[in-house]
Amino acid sequence: MFHRFRRWLTPDVALDLGTTWTRIAIPGRGVVLEEPSVIALETGSRRILGRGTCVGTLARQMVGRTPDSISAVQPIRNGAITDFELCEAMVSYFLRKAMKGAKGHPRVVVTVPSGLSPVESRAVFTSVERAGAERVFLLPVTKAACIGAGLPISEPLASMVCDLGGGASQVSVMSLGDEVAGQTLPVAGDHLDQAIIDFLRRQHALRVSSSTAEQIKREVGSAVPLDRELSIEIRGLDIISGVARKVVIVSEEVRLALADPLHEVVQGIRSTIERCHPQLVADLADTGMVLTGGTAQLRGMEQFLREQIGIPVRRDHDPERTSIRGALICLEHFDLWKESLVTDGR
Ligand SMILES: Nc1ncnc2c1ncn2[C@@H]1O[C@H](COP(=O)(O)OP(=O)(O)OP(=O)(O)O)[C@@H](O)[C@H]1O
Ligand SMILES: [Mg+2]
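Start counting at 1 in the sequence shown, then tack on 7, and there's your number in this note's numbering.
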């Protein structure tokens, strides 16, 4: 009874700490916060701007627009925390905002890349505890994605998920509740943006920001030829003359720019499947693979991977939120899923 009253006062929290987005969900309320994983600092003192409030959406607007005295920092890179102090400050700010002034320290289920070393896991426990959590549970992001996508991972049947995020892609084959084969690939949305930046520099002698590259990717990017090819007019800086210039980019060019990183994803998925027992591979030919993460929304991604890998591929209906939904399900049915959560052994 006391336990339930305490939960009512301090809700439990599901947290997806992504390279580009942080998402928080609360039982009974769903996803309550979704903000860029960015924090704006005074360069010298490393003080957070706006008396500690220049975090998330506000800080994101500053990326690429800051004078030397200010820096906009992403404390998570390639799916892993790289600046623990800032990560703690960011999570602390987001938890307070999501809990809307509720007092007390919540239990927090955090999604983490699979295969974290004990030292890296320890660092996540410490960061999130210092940010205000009473108890922290880690959930591998691919497991969260499978649960969120409704895959029957506890059954003796292969379930496969590929989470294509911003900083890393994670592939995993699960059976009987555990990962049978999996890997983290260092190629995802940010790398696609970088490939577009490199392509424009080489082919058009044009320098563009990462936000322009992301806009190109979203608006005209594709993994397969389109019925009606698209085009977009963008502005950049001419590398030779140093003046601003407009240029029209067509989707065929963007596809060419994205070919190498997309090929790396294919190689990663193939090598994961190769590590599975033939019986599980036979299952996969029926059950197929589910795509989650923001990059799963690239035009034609399902068709591309279906053709390249040769198994059925489907995209989750809300791929950016599959993992946080999975983490929320674990919280809402805590006793059912607690075996899947990693604790710090207390
Ligand atoms: N329509 C779209 N087409 C292509 N890419 C997209 C689209 N929408 C979002 N993205 C990309 O999805 C990525 C963000 O995905 P997501 O929110 O899953 O990442 P994350 O969880 O923050 O990162 P990670 O899981 O790698 O730590 C960004 O790179 C973004 O550019
Ligand atoms: Mg993610």
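Each residue gets a CB set at the ideal place from its N, CA and C atoms; glycine is no exception.
Model, not experiment: these values are computed from the prediction.
Around the Cβ of A152, are there at least 16 other Cβ atoms within 10 angstroms (buried) or fewer (exposed)?
Taking the sequence shown and counting its residues from 1, the one referred to as residue 152 is at position 145. With 16 or more Cβ atoms within 10 Å of its Cβ, A152 is classed as buried.
Which parts of the stretch 75-130 are runs of the beta strand (DSSP E), unbroken and 3 residues or longer, counting only runs that do not cross its ends?
77-80 and 114-119
R328 versus G300: straight-line alpha-carbon distance, rounded
Taking the sequence shown and counting its residues from 1, the one referred to as residue 328 is at position 321. Taking the sequence shown and counting its residues from 1, the one referred to as residue 300 is at position 293. Looking at the two C-alpha atoms, the distance is approximately 7 Å.
Out of G59, V320, T50 and G63, point me to the one whose CA is closest to D75's CA.
Here residue 75 refers to the residue found at position 68 when the sequence shown is read from its first residue. The shortest C-alpha separation from D75 is found at T50.
Counting by C-beta, which residues lie closer than 6 Å to a heavy atom of ligand 1, in chain order?
G25, T26, T27, W28, G86, G172, G173, G174, A175, A195, G196, D197, E221, K224, R225, G228, G300, G301, T302, Q304, L305 and E327
Along the chain, where does the alpha helix (DSSP H) that runs through M308 open and close?
The residue you call residue 308 lines up with position 301 of the sequence shown. First-last of the alpha helix (DSSP H) with M308: M308 to I316.
Alpha carbons only, please: which of L199, L269, E95 and T64 is nearest the one belonging to T133?
Here residue 133 corresponds to residue number 126 of the sequence shown, with the count starting at 1. Answer by Cα proximity: E95.
L145: first and last residue of the uninterrupted beta strand (DSSP E) it sits in
In the sequence shown, counting from the first residue as 1, residue 145 sits at position 138. Per DSSP, L145 belongs to the beta strand (DSSP E) from R142 to P147.
By a C-beta neighbour count over all protein chains shown, 10 Å radius and 16 as the cutoff for buried, is K253 buried or exposed?
Position 246 of the sequence shown holds residue 253. Label assigned to K253: exposed.
Other residues of its chain near V126: CB distance less than 8 Å, five sequence neighbours each side excluded:
Here the question's residue 126 lines up with position 119 in the sequence shown. Nothing listed; no residue qualifies.
Which residue's Cα is closest to the Cα of E240: A230, L233, Q222 and S229?
In the sequence shown, residue 240 corresponds to position 233, counting from 1. Out of A230, L233, Q222 and S229, Q222 has the C-alpha closest to the C-alpha of E240.
What residue range is occupied by the uninterrupted alpha helix (DSSP H) comprising A227?
Counting from 1 along the sequence shown, the entry for residue 227 is found at position 220. The amino acid at residue 227 is misidentified as Ala; the sequence shows Val. S217 to V227 is the span of the alpha helix (DSSP H), which, as asked, contains V227.
With H, G and I counted as helix, E and B as strand and the rest as coil, what does DSSP make of L233?
Along the sequence shown, read from residue 1 onward, the residue named residue 233 stands at position 226. Reduced to three states, the DSSP call for L233 is coil.
Which same chain residues end up closer than 6 Å to V116 when comparing Cβ atoms and leaving out the 5 residues on each side of it in sequence?
Counting from one through the sequence shown, the residue named residue 116 turns up at place 109. The answer, listed in chain order, is A21, F144, L146, A334, C337 and L338.
Closer than 6 Å by C-beta to A303: which residues in its own chain qualify, once you throw out the five before and the five after it? Chain order, please.
Numbered from 1 along the sequence shown, position 296 holds the residue referred to as residue 303. Hits under 6 Å: L171, R322 and P326.
Could you tell me the boundaries of the alpha helix (DSSP H) in which S278 lies?
Taking the first residue of the sequence shown as position 1, residue 278 is located at position 271. That run of the alpha helix (DSSP H) goes S258 to E281.
Output the distance between the C-alpha atoms of Q201 and K110, rounded to the nearest integer angstrom.
As a working mapping, residue 201 is identified with position 194 in the sequence shown. As a working mapping, residue 110 is identified with position 103 in the sequence shown. The straight-line gap from Cα to Cα measures roughly 42 Å.
Taking E339 as part of the alpha helix (DSSP H), name the residues at either end of that continuous run.
Within the sequence shown, residue 339 is the residue found at index 332, counting from 1. Its alpha helix (DSSP H) spans residues T329 to E339.
Applying the 10 Å Cβ sphere with the 16-neighbour rule, what's the burial state of P232?
If you number the sequence shown from 1, residue 232 lands on position 225. Counting Cβ neighbours within 10 Å, P232 comes out exposed, since fewer than 16 surround it.
Evaluate the contact criterion for the stretch 180-199 versus the stretch 35-53: three or more CB pairs, one atom per stretch, below 8 Å.
no
Rounded to whole angstroms, what's the CA-CA distance from T307 to G108? Just pull it up for me.
Reading the sequence shown from its first residue, position 300 is the one you call residue 307. Reading the sequence shown from its first residue, position 101 is the one you call residue 108. Sequence check: residue 307 is Gly here, not Thr. Roughly 43 Å between the two C-alpha positions.
Touching by the beta-carbon criterion (3+ pairs, under 8 Å), the stretch 259-270 and the stretch 198-217
yes
T294 in three-state terms, based on DSSP:
The residue given as residue 294 occupies position 287 in the sequence shown. Three-state result, T294: helix.
Looking at the strands, I want to know which residues DSSP matches up with S44.
Here residue 44 corresponds to residue number 37 of the sequence shown, with the count starting at 1. None, per the DSSP bridge assignment.
Mind checking G25: buried by the 16 CB within 10 Å criterion, or exposed?
In the sequence shown, residue 25 corresponds to position 18, counting from 1. By the neighbour-count rule (16 or more Cβ atoms within 10 Å), G25 is buried.
From the DSSP output, read off the bridge partner residues of Q240.
Taking the first residue of the sequence shown as position 1, residue 240 is located at position 233. In the sequence under discussion, the amino acid at residue 240 is Glu, which differs from the Gln named in the question. Answer is V255, bridged to E240.
Beta-carbon gap between C368 and A188 smaller than 7 Å
It is not possible to answer for residue 368, since the shown part of the chain is limited to 8 through 353.
Excluding the five sequence neighbours on either side, which residues of its own chain have a C-beta within less than 6 Å of the C-beta of L237, listed in chain order?
What you label residue 237 is simply residue 230 of the sequence shown in a count that begins at 1. Cβ within range, chain order: V227 and S258.
Quick one: what does DSSP say G172 is sitting in, helix, strand or coil?
For the purposes of this step, residue 172 is identified with residue 165 of the sequence shown, where counting begins at 1. G172 falls in the coil class under three-state DSSP.
Could you check which residue in S161, A165 and G35 has the C-alpha nearest to that of D290?
The residue given as residue 290 occupies position 283 in the sequence shown. The shortest Cα separation from D290 among S161, A165 and G35 belongs to A165.
Please report the residue range of the beta strand (DSSP E) in which R72 lies.
The residue given as residue 72 occupies position 65 in the sequence shown. No beta strand (DSSP E) holds R72; DSSP gives it neither H nor E.
Relative to the C-alpha of A292, which residue among T279, I316 and K104 is closest?
Position 285 of the sequence shown holds residue 292. Nearest C-alpha to A292: I316.
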